[in-house]
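Trainee: Quick one: the structure is below, questions incoming.
Residue numbers (the UniProt record's numbering): 1 to 363.
Below you can see the structure in the form of structure tokens.
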């Protein structure tokens, strides 16, 4: 295994730096903290020769660890690199802040690292990578699916079929087209931008609102920037929620905002459930004032008594927007490439690198 050359990783702001690495001939300590499901979905599906790390790295199953034994494991192994997945336990902030901590790089197989990596690790210059933009296109496809399903009233199809013989012709099902609709996007990250490209062929007008995104980014994608959420909701026939969950956006889609949507408008959520006042959304779906289709809810996995599951016509998918099953292998391959780039002394691919800005906007 090649040895990554030593270099300082001090924060330019003068904050605490990552631990200096002494010159050595031994390879860096790599810890694969992956549950069997993560190894199967990401590593095995990638078809990359991960077994070449079998003798040069430590492998543990985090589902067999408690927080206490996890801390002991990290102190014992002193990893410079951790390969993590969905089941990896959070990295203890006290350990991260310890001047003797050797960790320099977290190679995450999945998406968000907020639950896993303390902000302090990135602030001191630590490297973190994830699956990058691999999932964005798939989530955008799923958003389009939900938009079309809501407009065509898919949630009522089964009941309608059962009632056809007794209640008359198919004209009773209130289907609507997407063509020519006014689309609103709350959030303008990778998912929203991929969705814009998919929507173009439908002859729609697209507006968006997302604090912190420069005006030039909206212009680059041919999207009109709204000055407020109120303006966005008030001018949208179809509203797609894809904003990141932060302390500022938590609960930002209020009952008052939902009331600004026109009657029979479509509300789709492929972002985070906690951005939305779910009780108000369920009420709007139950009264059929809005056509509601969501891939995410506040508490997951979704429970059988969730009000949206009882709302007539509402469409709920179990957080399957992306990546698709075929793409898990691509995520594993991306991790393989990034890990080997680090070991050669190169940074992870730009698309995969988690900056402090991205970290703060992620969930």
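Ideal Cβ placement from N, Cα and C applies to all residues, glycine included.
Return helix, strand or coil for residue 205, following the three-state DSSP convention.
Mentor: To locate residue 205, count along the chain shown from 1; it is residue 205. Looking at residue 205 - three-state DSSP - the assignment turns out to be strand.
Trainee: Quick one: what does DSSP say residue 137 is sitting in, helix, strand or coil?
Mentor: Numbered from 1 along the chain shown, position 137 holds the residue referred to as residue 137. Note: residue 137 maps to helix in three-state DSSP.
Trainee: Looking at the structure shown, is residue 178 part of a helix, part of a strand, or coil, going by DSSP?
Mentor: Reading the chain shown from its first residue, position 178 is the one you call residue 178. Three-state result, residue 178: coil.
Trainee: For the 8 Å Cβ check, are there 3 or more pairs between the stretch 308–326 and the stretch 84–101?
Mentor: Because the criterion of three Cβ pairs below 8 Å is not met, the stretch 308–326 and the stretch 84–101 do not touch.
Trainee: Taking contact to mean at least 3 C-beta pairs separated by less than 8 Å, is the stretch 178–190 in contact with the stretch 233–240?
Mentor: The stretch 178–190 vs the stretch 233–240: in contact.
Trainee: Is the Cβ-Cβ distance between residue 258 and residue 284 less than 8 Å?
Mentor: Locating residue 258 in the chain shown gives position 258, where the first residue counts as 1. Locating residue 284 in the chain shown gives position 284, where the first residue counts as 1. It is a contact, given that the beta carbons lie within the stated cut-off.
Trainee: With three or more beta-carbon pairs closer than 8 Å as the criterion, would you say the stretch 135–150 touches the stretch 196–208?
Mentor: Result yes; three or more Cβ-Cβ pairs closer than 8 Å.
Trainee: In the DSSP assignment, find the beta strand (DSSP E) that holds residue 131 and state where it starts and stops.
Mentor: Taking the first residue of the chain shown as position 1, residue 131 is located at position 131. It is not in any beta strand (DSSP E) - residue 131 carries neither H nor E in the DSSP assignment.
Trainee: Between which two residues does the alpha helix (DSSP H) harbouring residue 233 extend?
Mentor: Residue numbering aside, residue 233 sits at position 233 when the chain shown is read from its first letter. Here the alpha helix (DSSP H) through residue 233 covers 229–234.
Trainee: Identify whether residue 70 lies in helix, strand or coil by the three-state DSSP scheme.
Mentor: For the purposes of this step, residue 70 is identified with residue 70 of the chain shown, where counting begins at 1. Helix.
Trainee: Leaving aside the five residues before and after residue 276 along the sequence, list all residues of the same chain whose C-beta is less than 7 Å from its C-beta, in chain order.
Mentor: On the chain shown, residue 276 is found 276 positions in, with the first residue counted as 1. Excluding positions up to five away in sequence, the list reads 241, 253 and 269.
Trainee: How about residue 296 and residue 308: do their beta carbons lie closer than 8 Å?
Mentor: Stepping through the chain shown from its first residue, residue 296 is reached at position 296. Stepping through the chain shown from its first residue, residue 308 is reached at position 308. Result no, Cβ atoms of residue 296 and residue 308 do not sit closer than 8 Å.
Trainee: Who are the near neighbours of residue 255 in its chain, counting only those whose CB is closer than 6 Å to its CB and skipping five residues on each side?
Mentor: Taking the chain shown and counting its residues from 1, one reaches residue 255 at position 255. Closer than 6 Å at the Cβ level, and outside the excluded window around residue 255, lie 277 and 280.
Trainee: Using a beta-carbon distance below 8 Å, is residue 360 in contact with chain C?
Mentor: The structure shown contains no chain C; it holds only a single protein chain.
Trainee: Which of the three DSSP states is assigned to residue 21 in this structure?
Mentor: If you number the chain shown from 1, residue 21 lands on position 21. In this prediction, residue 21 scores a pLDDT of 45, lower than 50, which makes its location untrustworthy; the coordinate-derived value is nonetheless stated afterwards. Residue 21: coil per DSSP, three-state reduction.
Trainee: Measure the C-alpha to C-alpha separation of residue 113 and residue 303 and round it to an integer number of angstroms.
Mentor: What you label residue 113 is simply residue 113 of the chain shown in a count that begins at 1. What you label residue 303 is simply residue 303 of the chain shown in a count that begins at 1. Approximately 25 Å between the Cα atoms of the pair.
Trainee: In the DSSP output, what is residue 183 paired with across the bridge?
Mentor: For the purposes of this step, residue 183 is taken as residue 183 along the chain shown, with counting starting at 1. Looking at the DSSP assignment, residue 183 forms a beta bridge with 206 and 238.
Trainee: Candidates 73, 43 and 155: which alpha carbon is nearest residue 108's?
Mentor: Stepping through the chain shown from its first residue, residue 108 is reached at position 108. It is 43 whose Cα lies nearest to the Cα of residue 108.
Trainee: Considering only DSSP beta bridges, list what residue 32 is partnered with.
Mentor: Position 32 of the chain shown, counting from 1, holds the residue named residue 32. Partner(s): 59 and 83.
Trainee: Of the residues 40, 32 and 301, which one's Cα is nearest the Cα of residue 61?
Mentor: Position 61 of the chain shown, counted from the start, is the residue given in the question as residue 61. Ranking 40, 32 and 301 by Cα distance to residue 61 puts 32 first.
Trainee: For the alpha helix (DSSP H) containing residue 293, name the first residue and the last one.
Mentor: Translated into positions along the chain shown, residue 293 becomes position 293. Careful: residue 293 lies outside any alpha helix (DSSP H), inside the beta strand (DSSP E) at 291–294.
Trainee: Determine whether the beta carbon atoms of residue 327 and residue 135 lie at a separation below 8 Å.
Mentor: Numbered from 1 along the chain shown, position 327 holds the residue referred to as residue 327. Numbered from 1 along the chain shown, position 135 holds the residue referred to as residue 135. Against a cut-off of 8 Å, the Cβ pair of residue 135 and residue 327 comes out as a contact.
Trainee: Mapping the DSSP letters down to three states, classify residue 142 as helix, strand or coil.
Mentor: By one-based count along the chain shown, residue 142 stands at place 142. Residue state, collapsed to three classes: helix.
Trainee: Count the other CB atoms, across all protein chains shown, that sit within 10 Å of the CB of residue 299; report buried if there are 16 or more and exposed otherwise.
Mentor: Sequence index remark: in the chain shown, residue 299 carries index 299 (1-based). Looking at its Cβ environment, which holds fewer than 16 other Cβ atoms inside 10 Å, residue 299 is exposed.
Trainee: Go ahead and label residue 311 buried or exposed: buried means 16 or more other beta carbons lie within 10 angstroms of its beta carbon, across all protein chains shown.
Mentor: Reading the chain shown from its first residue, position 311 is the one you call residue 311. By the 10 Å Cβ count, residue 311 comes out buried.
Trainee: Helix, strand or coil for residue 218, going by three-state DSSP, please let me know.
Mentor: Stepping through the chain shown from its first residue, residue 218 is reached at position 218. Residue 218: helix per DSSP, three-state reduction.
Trainee: Can you tell me whether residue 346 is buried or exposed, with buried defined as 16 or more other CB within 10 angstroms of its CB?
Mentor: Reading the chain shown from its first residue, position 346 is the one you call residue 346. So residue 346 counts as exposed.
Trainee: Work out the CA separation of residue 204 and residue 228 for me, nearest whole Å.
Mentor: Numbered from 1 along the chain shown, position 228 holds the residue referred to as residue 228. Numbered from 1 along the chain shown, position 204 holds the residue referred to as residue 204. Approximately 20 Å, taken between the alpha carbons.
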